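Residue numbers for the sequence shown follow UniProt numbering, beginning at 1 and rising by one. No residue lacks a Cβ here, since even glycine has one placed at the ideal position from N, Cα and C. Because the structure is a prediction, the values reported are computed rather than measured.
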Amino acid sequence: MDVGFVFDSAPEIQHDAICLLKRDTDLSFTPALCTQSHAMIFGENYDALKNLLVLYRGCVDCIYIDPPYNTESTKQDGNDYKSKENISGKFGYRDKFMRTGWLNMLNERLKLAKDLLSPKGVIFISIDDSEQAYLKVLCDEIFGEGNFVGDFIRKTKSTINDAKIGVNYQHEFLLGYAKNKISVNLRGGQKDLSHYTNPDNDPNGAWAADNPSAKSGNLKTGYFGVTNPYTGKIDYPPTGMFWRFSEKTLQKHIESGRICFKKEHAPHERGFIYKRYLSDFKSTQKTFDSLAFVDNAYMNQAATKELLDLGMAESFNYPKSAAFIQKILLHATSPNSLILDFYAGSGTTGQAVMELNREDGGNRRCILVTSNENNIAKGVMYERIYRICHGVGTKNETFGWTKRNEPFKDQGWEVFKMDRQSLKIDDQQKAENLAKQAEKSFKILRPGFTFESDFDLYHSLSSLKPYK
Numbered sequence: 001m002d003v004g005f006v007f008d009s010a011p012e013i014q015h016d017a018i019c020l021l022k023r024d025t026d027l028s029f030t031p032a033l034c035t036q037s038h039a040m041i042f043g044e045n046y047d048a049l050k051n052l053l054v055l056y057r058g059c060v061d062c063i064y065i066d067p068p069y070n071t072e073s074t075k076q077d078g079n080d081y082k083s084k085e086n087i088s089g090k091f092g093y094r095d096k097f098m099r100t101g102w103l104n105m106l107n108e109r110l111k112l113a114k115d116l117l118s119p120k121g122v123i124f125i126s127i128d129d130s131e132q133a134y135l136k137v138l139c140d141e142i143f144g145e146g147n148f149v150g151d152f153i154r155k156t157k158s159t160i161n162d163a164k165i166g167v168n169y170q171h172e173f174l175l176g177y178a179k180n181k182i183s184v185n186l187r188g189g190q191k192d193l194s195h196y197t198n199p200d201n202d203p204n205g206a207w208a209a210d211n212p213s214a215k216s217g218n219l220k221t222g223y224f225g226v227t228n229p230y231t232g233k234i235d236y237p238p239t240g241m242f243w244r245f246s247e248k249t250l251q252k253h254i255e256s257g258r259i260c261f262k263k264e265h266a267p268h269e270r271g272f273i274y275k276r277y278l279s280d281f282k283s284t285q286k287t288f289d290s291l292a293f294v295d296n297a298y299m300n301q302a303a304t305k306e307l308l309d310l311g312m313a314e315s316f317n318y319p320k321s322a323a324f325i326q327k328i329l330l331h332a333t334s335p336n337s338l339i340l341d342f343y344a345g346s347g348t349t350g351q352a353v354m355e356l357n358r359e360d361g362g363n364r365r366c367i368l369v370t371s372n373e374n375n376i377a378k379g380v381m382y383e384r385i386y387r388i389c390h391g392v393g394t395k396n397e398t399f400g401w402t403k404r405n406e407p408f409k410d411q412g413w414e415v416f417k418m419d420r421q422s423l424k425i426d427d428q429q430k431a432e433n434l435a436k437q438a439e440k441s442f443k444i445l446r447p448g449f450t451f452e453s454d455f456d457l458y459h460s461l462s463s464l465k466p467y468k
């Protein structure tokens, strides 16, 4: 599909350098009784994604990202990129792009992300109204229109503002795409079916009383009286409604036990019960509703409160709540899934993964990637993960979260930094040294990983060239 976008030129590749993962032994931590090990990567996410492709191509089950929303540039400059020659090549972390520069930045990263997804993998992207339409078209091109999963709405706030035109904007979007939609099942979590019982020993099994009327239907087949043989009461559908059954199927429902008549009832009560059987459900798992996130529990203030409980209230703007991401993971992952967030920000995804594992006994693994611009990687993401795993901060700070929660002391986190190294084509010794460094880091990030040959190793290294 031709999206009609005119992308600005991407920064040039630096052919005499490579960017490798390098383990930070000082920041990494593994408890004695470690039940799962996750990973954090500090650095430019484009370089990190290329390293991850060496290890996890086709292996990631769920990607969640909350990329920069391009807010400032969108408001000031619209889409007039060509007239801004001095902007070319700017690829910083947040809100520094003309629209085409912003789209180009995401275009390159989303293409790498697609290659990381497993055959059943899905990606979810948070975005606001200013760029949602453009991002949707871009994702249609990369993932395919047929792999569009859904557009979810998240309520961001409940306050009323004094917008000039009188529109109180209170939501943003979550776009979902699949690697292959036909292989995806986003049902997750169990429906509450505790009210399904069998007090009358119905041979059809447990049941609950259901509404026998619906708005859809017609007068000819769906509007008639149902007579109770015990009390003589005749029931008709409520005004504007129709029975879910026709007169022809009424007798079948009576004979099967789906419709049973009350031997006594109050004058205002319906004279019969219309049963819905537990066996009627195709699945007992919940569907992923597009309005699942309009609940106040997923608003911005919930995420801010989480950081406040961790003693980090002023550390990061516009975080997402762990409950929000956990809800996504509940529907998009299985207990042994690999999850990636390459705009990890404050590390919420890491917390959500550990909380969901604790809740359902899962063994999900998480990889977080973020740049260290403004000390986000170490001072925010790492600090948050460290605190919820140790119960204290890196400087032994205490905070309120531990009064209501048990730290994740059985979770380990390997920390890597992107190590940029110059490498000339004829420098064989340095190439060998860097190959050893890469192989060592790769085996830590994916235990048991090996290259089939030296050729595969050096071929992989050749793909890790950074931008200039």
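Compute the distance between the beta-carbons of asparagine 300 and tyrosine 318, then report whether it is under 8 Å. Here residue 300 refers to the residue found at position 300 of the sequence shown. Here residue 318 refers to the residue found at position 318 of the sequence shown. Yes.
To which residues does DSSP link glutamine 285 through a beta bridge? Residue 285 sits at position 285 when you count from the first residue of the sequence shown. BP columns for glutamine 285 point to Gln190.
Reference arginine 258, options Glu264, Phe272 and Val54, closest by Cα: For the purposes of this step, residue 258 is taken as the residue at position 258 of the sequence shown. Per the Cα distances, Phe272.
Helix, strand or coil at aspartate 151 [DSSP, three-state]: Here residue 151 corresponds to residue number 151 of the sequence shown, with the count starting at 1. Note: aspartate 151 maps to strand in three-state DSSP.
Who does glutamine 411 pair with in a DSSP beta bridge? Stepping through the sequence shown from its first residue, residue 411 is reached at position 411. BP columns for glutamine 411 point to Gln36.
Quick one: give me the first and last residue of the alpha helix (DSSP H) that tyrosine 134 is part of. Your numbering for residue 134 matches position 134 in the sequence shown. Unbroken alpha helix (DSSP H) run through tyrosine 134: 129-143.
Relative to the ligand MN, is the shortest distance from any of its heavy atoms to the C-beta of aspartate 16 smaller than 7 Å? Inclusion of the ligand MN in the displayed structure is not the case, the ligand content being empty and no account of it being possible.
Going by DSSP, which residues form a beta bridge with alanine 208? In the sequence shown, residue 208 corresponds to position 208, counting from 1. Alanine 208 pairs with Arg276.
Among Ile18, Gly43 and Asp24, whose alpha-carbon lies nearest the alpha-carbon of glutamate 373? Here residue 373 is taken as the residue at index 373 of the sequence shown, counted from 1. For glutamate 373, the nearest C-alpha among the options comes from Gly43.
Expressed to the nearest angstrom, what Euclidean distance is found between the alpha-carbon atoms of lysine 282 and tyrosine 223? Taking the first residue of the sequence shown as position 1, residue 282 is located at position 282. Taking the first residue of the sequence shown as position 1, residue 223 is located at position 223. Roughly 28 Å between the two C-alpha positions.
State the beta-bridge partners of glutamate 108 as determined by DSSP. Against the sequence shown, residue 108 aligns to sequence position 108. Its beta-bridge partners do not exist; DSSP assigns none.
Taking buried to mean at least 16 other C-beta atoms within 10 Å of its own C-beta, is cysteine 34 buried or exposed? Numbered from its first residue, the sequence shown carries residue 34 at position 34. Its Cβ having fewer than 16 others within 10 Å, cysteine 34 is exposed.
Give me, in chain order, the residues of the same chain whose beta-carbon lies closer than 7 Å to that of lysine 430; leave out the 5 immediate sequence neighbours on both sides. Position 430 of the sequence shown, counted from the start, is the residue given in the question as residue 430. Cβ neighbours of lysine 430 beyond the five flanking positions: Leu423.
Status (buried if at least 16 other CB within 10 Å, exposed otherwise) for serine 460: What you label residue 460 is simply residue 460 of the sequence shown in a count that begins at 1. Serine 460 is buried by the Cβ-count criterion.
Which first and last residues belong to the alpha helix (DSSP H) in which cysteine 389 is found? In the sequence shown, counting from the first residue as 1, residue 389 sits at position 389. Looking at the DSSP string, the run of the alpha helix (DSSP H) that includes cysteine 389 is 383-390.
For residue 473, which option in Gln132, Lys157, Ser130 and Leu219 has the closest C-alpha, if you only look at C-alpha atoms? The question about residue 473 has no answer, for the chain in this structure spans 1 to 468.
Return yes when the Cβ of glutamine 421 is within less than 8 Å of the Cβ of isoleucine 18, no when it is not. Locating residue 18 in the sequence shown gives position 18, where the first residue counts as 1. Locating residue 421 in the sequence shown gives position 421, where the first residue counts as 1. Contact: yes.
With three or more C-beta pairs closer than 8 Å as the rule, is the segment 20-40 touching the segment 307-317? no
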